[in-house]
């Protein structure tokens, strides 16, 4: 929670200072590829919130392990994991979105998937609403028996089996 407060205070300071240093809006086009989307939960902006945001269930690992099934599974698993980690009693709204999910390696025993995206939240801090955001960057290794997650990998192709956390063991 302390990380959120620090992040929120830094974000508020940046927003306040941005008006003093901004020149002109960027006209460069941006392009985003959407793999899956998680719609932010809209609630009223009352502090404290009227109700808690519910935990999201983690998806089941794919029964048929293919490039597409592990890519889709890893994106859905990451969105649910980040949602569950970032939600709190003081959260007013939360949105998590994996914008890129790429199979970067097929090993002899499974697939390594690289994910990138972000999350944003609004919460109550000392009776006032504050907002913040964060980055999603993880790698997953998925095969028929194991799912391993590596948060903030050194490279897109980093194998989660080297330093990652086993998040699921499947019975074969």
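In our numbering, the protein residues as written are 45 to 216. C-beta atoms are modelled at their ideal positions from N, C-alpha and C, and glycine is treated no differently.
Compute the distance between the beta-carbons of residue 145 and residue 136, then report whether it is under 7 Å.
-> no
In whole angstroms, what is the alpha-carbon distance linking residue 202 and residue 183?
-> 7 Å
Thinking C-beta only, is residue 177 closer than 7 Å to residue 196?
-> no
Rounded to a whole number of angstroms, what is the C-alpha to C-alpha distance between residue 81 and residue 152?
-> Unreliable placement is indicated for residue 81, whose pLDDT of 45 sits below 50; no coordinate value is reported for it.
If you drop the 5 nearest sequence neighbours on each side, which residues of the same chain put their C-beta closer than 6 Å to that of residue 191?
-> 105, 211, 212
Apart from the five residues on each side of it in sequence, which residues of its chain come closer than 8 Å, Cβ to Cβ, to residue 173?
-> Here the set comprises 89, 91, 136, 166, 167.
Which of helix, strand or coil does DSSP assign to residue 79?
-> With a pLDDT of only 45 at residue 79, under the threshold of 50, the placement of this residue in the model should not be trusted; the figure read from the coordinates follows. Looking at residue 79 - three-state DSSP - the assignment turns out to be coil, as it is neither helix nor strand.
Expected contact under 8 Å - CB spacing of residue 140 and residue 123 to nearest Å = 5 Å
Starting from residue 193 and walking both ways along the beta strand (DSSP E), at which residues does that stretch end?
-> 190-195
Complete alpha helix (DSSP H) runs within the region 133-195 (minimum length 4 residues, chain order) | none
Excluding the 5 residues preceding and the 5 following residue 209 in the sequence, name in chain order all residues of the same chain whose CB lies nearer than 6 Å to its CB.
-> Once the five neighbours on either side are set aside, the close Cβ partners of residue 209 are 193.
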